[in-house]
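Numbering (the numbering used here), first residue to last: 56 to 266.
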């Protein structure tokens, strides 16, 4: 974890502030709170500026996903009142969006920061290199190691995978199995409804056989 967490004062952060403060006190007790705070608050107007940086991703990436979703919706034969259509469609398009988000983050990590002379932070290098090897840029790795058992405990207490799996455990297992059975095609928006139709066909074939 970082030496200091910077965030706004949103109510959704009430739990994380004492959690971060407690972890730093436990695993880096030599840093006194009055010298370097474990958590510092920023004004919402400053945080909004950072959040606006997500807008280009919507305009250049996710808007295209929505476009492909909309133009292929009718031709796909999608029936919103059909349970398998609704659950499969939700799961499949969530995977397509997630793949695009992962690609976006990876591209950002390997982006080369433009060389700038009059700034304090490193420049003229890839973001991931600056983060992983700060010593090469006149920096120092001050991240505080947290034992795996503590991370596992926190994940068990706070992580809720069901919020982002877009289906019940049984539905997700079924859809993953069907997806693999059709050859695990690349999850791109322009092929989304084609994949959907193939998966529905496979599901129906299995259902008829089982019936």
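Beta carbons are placed, not taken as given, at the ideal position from N, Cα and C, and that holds for glycine. This one's a predicted model, so the numbers in the text were calculated from it and none came from an experiment.
In the three-state reduction of the DSSP assignment, residue 96 falls in the strand class. The segment 238-258 and the segment 220-228 do not touch, with fewer than three beta-carbon pairs separated by less than 8 Å. Its chain contains 246, 250 as the residues whose beta carbon lies nearer than 7 Å to that of residue 240, once the 5 sequence neighbours on both sides are disregarded; these appear in chain order. Residue 59 carries a coil assignment under DSSP once its states are collapsed to helix, strand and coil. Annotated as distal: residue 78 and residue 58, with beta-carbon spacing of 9 Å or more.
In this structure, DSSP gives residue 185 a helical state, which the three-state scheme calls helix. Scanning the segment 183-232 from its first residue to its last, the whole alpha helix (DSSP H) runs of 4-plus residues come out as 203-213. When DSSP states are grouped into helix, strand and coil, residue 72 belongs to the helix group.
Beyond the five residues adjoining it in sequence on each side, residue 98 comes within less than 8 Å, by CB distance, of 63 in the same chain, given in chain order. Taking C-beta atoms as the reference points, residue 202 and residue 196 fail to come closer than 9 Å.
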